[in-house]
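See below for the structure under consideration.
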Amino acid sequence: MNKRWTVRDNADHEVVKKLAADLNIDAVLSTLLVNRGISTFDEARYFFRPDILHLHDPFLMKDMEKAIERIEDAIAAGEKILVFGDYDVDGTTAVATVYSFFKDRYENLEYYIPDRYKEGYGISTQGIDYAADNGFTLIIALDCGIKSVDKIEYANTRGVDFIICDHHLPGAELPAAVAILDPKRNDCEYPYKELSGCGIGFKLIQAYAETHDIPFEEVARYLDLVAISISCDIVHITGENRTLAHFGLQKINTDPCMGVKTLVEIAGRTGSLTISDVVFLLGPRINAAGRIDDAKHAVELLIACDEKLAREKGMMINTHNAERKGHDVDITGEALNMIDSDAELISRKSTVVFNEHWHKGVIGIVASRLTEKYYRPTIVLTRSNGYVAGSARSVLGYDLYEALCECKDLLIQFGGHKYAAGLTMEPENVEAFKARFEEVVSATISPEQLIQQIQIDAELRLSQIEPKFFRILNQFAPFGPENMAPVFISKNVYVNGNAALVGSAHIKMSVMQEGSAAFDCIAFNHGEYLSQLKPGVQFDICYTIEENVWRERRTIQLNIKGIRV
């Protein structure tokens, strides 16, 4: 697939020059900082040296005092408290965090994860009925609830109070809960708006700990779970999230909870994990519990104190993940064949595919894979509980949620954000929806948005990649949305020796530039360029810089994102 190479606009030269001098660093590194909104020595020190003291006062969050008071009242009166959370990674880590913290201090507590297939996303009537029928009078809802106006109204009629801890965008009307913790509320002045659902839960227990003189170390025990939620829910890794992720990764790599330690061992990973490792190694396994069976197994693993139980749950989840992979491969193959054999589908600016037999638990993954392949807004639909359920993914810059709003008369419900969403419709509306969605996308998407973009941060000469440069570059981590690993462009490089094919589609080679040393490179899925990469032939590359560890030998490696001959 052809990709657009887009070089970021130059930062203010004078600011870059002064910051480079103040920090005694390469101007390219200074440019990266300025492009991240960092222009002074003190701002750079704050960025490069995350500190627990950088965490905000939890009581700056609207309704935090109400939430703590309601929990205190419940504990004082011996009420039954139910910790309720979504079935994905963010929801299950949030439940594990809040449940574990309060369970150490209060016995009359349980947790509840809705069934993905029977109850669907968010607050469910079944969950409320379970609480009311079993004597629970307070539900702490995590990673959901901000738009559950009718469900909270129903809970109030059944004598069940709610504390909502959510990070999604509120609707026009807020639910009638006892307290709503959501920095995205218009009336909330909390300084950081991009916390994960688990991050909101963390702020709740931080506030409770401060109120009751509980040492922060008792709260910090759960930072590994917070870091997993930040990584896998693809929230911004800036500000407070960056601090939480930094210390959470430290905990994952030095002193994880038993469940996380077990999961890392089962995944077969040694050495320190990065945000990317968490996303691709731990996230799918935790998610697989709810996709294939019951997300409560994920919570049971994450709260486990017994090594034998943790191992049992971890192996079960790993088995579910293998099953999930099988469904993923099969359904992706069927969907690709469906599109490739239909000239009309290939020519469209959107992809909507439907098969009533596809496994609902993996359609979101399949939608992501189809988006990677065809690079256009994509929806994968299947049959579920008599309805048609779908998972949608978008491309850079295109607002998927707004497109779905234009189709809302054909939908029973939908929710999500700019780049990912879920939806439900009546079976008889599928064909009309396909036509409408294509019509909306065709009218609103630009030609540029249909071509995948490689955002390049700066041009770099290979001779600039020396140990000090690499050491400082590593301090930009942890990487993630709004703080992605910098992508560089180097022009007129050439192969040192020979380029070789690795597997069926990857290239392994060493490249040089006039006046530079040779650098090892890996170019995933660039096999079609092999015949052009001959000795003496100059070409341009864009890449990230990483450390490659092989048999305890550490070397700098360029991870090639694009080649132009």
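Heads up: the sequence shown at position 370 corresponds to 369 in numbering that gives the first Met the number 0, and the numbers run straight through without jumps.
All C-beta atoms in this analysis are idealised placements derived from N, C-alpha and C, irrespective of residue type, glycine included.
#1: Just verifying my parser: in three-state terms, what is the DSSP assignment at C143?
#2: Which one of V6, H211, D114 and A130 has the shortest CA to CA distance from E64?
#3: Specify whether the region 526-542 and the region 487-505 touch according to this definition: at least 3 beta carbon pairs, one from each stretch, less than 8 Å apart.
#4: Is it buried or exposed, D327, if we count other Cβ atoms within 10 angstroms and call 16 or more buried?
#5: R241: buried (16+ other C-beta within 10 angstroms of its C-beta) or exposed?
#6: What do you get for A442, buried or exposed, if any count of 16 or more other CB atoms within 10 angstroms of its CB means buried?
#7: For D50, collect the residues of the same chain with a Cβ closer than 6 Å to its Cβ; drop the 5 residues on either side in sequence, then sort them by chain order.
#8: Across which residues does DSSP place L580 in a beta bridge pair?
#9: At which residues does the alpha helix (DSSP H) containing T370 begin and terminate?
#10: Return the CA-CA distance between G414 and E465, expressed in angstroms with no decimal places.
#11: Near N482, which residues of its chain fall below 8 Å by C-beta distance, leaving aside the five closest residues on each side in sequence?
#12: Can you give me the start and stop residues for the beta strand (DSSP E) that L247 sits inside?
#13: To the nearest angstrom, how far is it from the Cα of F469 to the Cα of F46?
#14: Could you check if P57 is buried or exposed, using at least 16 other CB atoms within 10 Å of its CB as the buried criterion?
#15: Pull up the DSSP beta-bridge partners for N482, would you.
#16: Between Y291 and W357, what straight-line distance do the alpha-carbon atoms span, to the nearest angstrom?
#17: How would you call Q556, buried or exposed, if buried means at least 16 neighbouring beta carbons within 10 angstroms?
#18: Got a sec? Which residues, its chain only, sit under 6 Å from I302 by beta carbon, not counting five neighbours each side?
#19: What distance in whole Å lies between the Cβ atoms of M508 and L461, which are believed to be in contact at a cut-off of 8 Å?
#20: What did DSSP end up calling T124 once you bin it into helix, strand or coil?
#21: From I227 to P534, what distance separates their C-alpha atoms?
#22: If we define contact as Cβ-Cβ less than 8 Å, is R7 a contact residue for chain D?
#23: What does the alpha-carbon distance come out to for the pair H245 and P477?
#24: Check whether the region 328-339 touches the region 293-300, counting contact only when three or more Cβ pairs, one atom from each stretch, lie closer than 8 Å.
#25: Applying the 10 Å Cβ sphere with the 16-neighbour rule, what's the burial state of T370?
#26: Report yes if the C-beta distance between K372 and D398 is below 8 Å; otherwise report no.
#27: Considering only residues of the region 371-438, which uninterrupted beta strand (DSSP E) runs meet the minimum length of 3 residues and lie entirely inside it, listed in chain order?
#28: Quick one: what's got a C-beta closer than 7 Å to G396's C-beta in the same chain, skipping five residues either side?
#29: Assuming Y400 contacts V486 (C-beta within less than 8 Å), just tell me the rounded distance between them.
#30: If I measure Cβ to Cβ from I559 and keep anything under 6 Å in the same chain, skipping five residues before and after, which residues do I get?
#31: Could you name the residues that DSSP lists as bridge partners for A522?
#32: With DSSP as the reference, label K150 as helix, strand or coil.
#33: Taking DSSP as the reference, what is the three-state secondary structure of N354?
#34: Examine the Cβ distances between the region 263-283 and the region 311-327 and report whether three or more of them are shorter than 8 Å.
Reading it off the structure:
#1: Position 144 of the sequence shown, counted from the first residue, corresponds to residue 143. C143: coil per DSSP, three-state reduction.
#2: For the purposes of this step, residue 64 is taken as the residue at position 65 of the sequence shown. Of the candidates V6, H211, D114 and A130, the one whose C-alpha sits nearest the C-alpha of E64 is H211.
#3: yes
#4: Position 328 of the sequence shown holds residue 327. Buried is the call here.
#5: Locating residue 241 in the sequence shown gives position 242, counting from the first residue. Its Cβ being crowded by 16 or more others within 10 Å, R241 is buried.
#6: Here residue 442 is taken as the residue at index 443 of the sequence shown, counted from 1. Looking at its Cβ environment, which holds fewer than 16 other Cβ atoms inside 10 Å, A442 is exposed.
#7: On the sequence shown, residue 50 is found 51 positions in, with the first residue counted as 1. Hits under 6 Å: none found.
#8: For residue 580 there is no data in the structure shown, the boundaries of the chain being 0 and 564.
#9: Along the sequence shown, one-based indexing puts residue 370 at 371. Where T370 is concerned, the enclosing alpha helix (DSSP H) stretches over I362 to Y373.
#10: Looking up residue 414 in the sequence shown gives position 415. Looking up residue 465 in the sequence shown gives position 466. Each residue's Cα considered, the two are about 47 Å apart.
#11: Within the sequence shown, numbered from 1, the residue matching residue 482 stands at position 483. Correct list, in chain order: R35, H235, I236, T237, R241 and F475.
#12: As a position in the sequence shown, residue 247 is number 248, starting the count at 1. Leu is not the amino acid found at residue 247; the sequence shown has Gly there. Where G247 is concerned, there is no enclosing beta strand (DSSP E), although the alpha helix (DSSP H) it sits in stretches over G238 to T253.
#13: Mapped onto the sequence shown, residue 469 falls at position 470. Mapped onto the sequence shown, residue 46 falls at position 47. Whole-angstrom Cα-Cα distance: 17 Å.
#14: In the sequence shown, the residue the question calls residue 57 occupies position 58. P57 comes out buried.
#15: Walking along the sequence shown from the start, residue 482 turns up at place 483. Partner(s): G479.
#16: Locating residue 291 in the sequence shown gives position 292, counting from the first residue. Locating residue 357 in the sequence shown gives position 358, counting from the first residue. Reading the sequence as shown, one finds Ile at residue 291 and not Tyr. Computed Cα separation, rounded: 13 Å.
#17: Your numbering for residue 556 matches position 557 in the sequence shown. Buried, because 16 or more other Cβ atoms sit within 10 Å of the Cβ of Q556.
#18: Translated into positions along the sequence shown, residue 302 becomes position 303. Cβ neighbours of I302 beyond the five flanking positions: A95 and S99.
#19: Reading the sequence shown from its first residue, position 462 is the one you call residue 461. Reading the sequence shown from its first residue, position 509 is the one you call residue 508. That pair is no contact at about 13 Å.
#20: The residue you call residue 124 lines up with position 125 of the sequence shown. Reduced to three states, the DSSP call for T124 is helix.
#21: In the sequence shown, the residue the question calls residue 227 occupies position 228. In the sequence shown, the residue the question calls residue 534 occupies position 535. For I227 and P534, the distance between alpha carbons rounds to 44 Å.
#22: The structure shown has no chain D; it contains just one protein chain.
#23: Numbered from its first residue, the sequence shown carries residue 245 at position 246. Numbered from its first residue, the sequence shown carries residue 477 at position 478. Their backbone Cα atoms lie some 6 Å apart in a straight line.
#24: no
#25: Against the sequence shown, residue 370 aligns to sequence position 371. Label assigned to T370: buried.
#26: Looking up residue 372 in the sequence shown gives position 373. Looking up residue 398 in the sequence shown gives position 399. The answer is no: Cβ separation not under 8 Å.
#27: 377-383, 386-392, 412-415 and 419-424
#28: Your numbering for residue 396 matches position 397 in the sequence shown. Excluding residues within five positions, the ones whose Cβ falls inside 7 Å are Q448.
#29: Against the sequence shown, residue 400 aligns to sequence position 401. Against the sequence shown, residue 486 aligns to sequence position 487. At roughly 27 Å, the Cβ-Cβ gap does not stay under 8 Å, so Y400 and V486 are not in contact.
#30: Counting from 1 along the sequence shown, the entry for residue 559 is found at position 560. Closer than 6 Å at the Cβ level, and outside the excluded window around I559, lie C520, A522, I540 and Y542.
#31: Here the question's residue 522 lines up with position 523 in the sequence shown. BP columns for A522 point to I506.
#32: Numbered from its first residue, the sequence shown carries residue 150 at position 151. K150 falls in the helix class under three-state DSSP.
#33: For the purposes of this step, residue 354 is taken as the residue at position 355 of the sequence shown. Here N354 sits in coil by DSSP.
#34: yes
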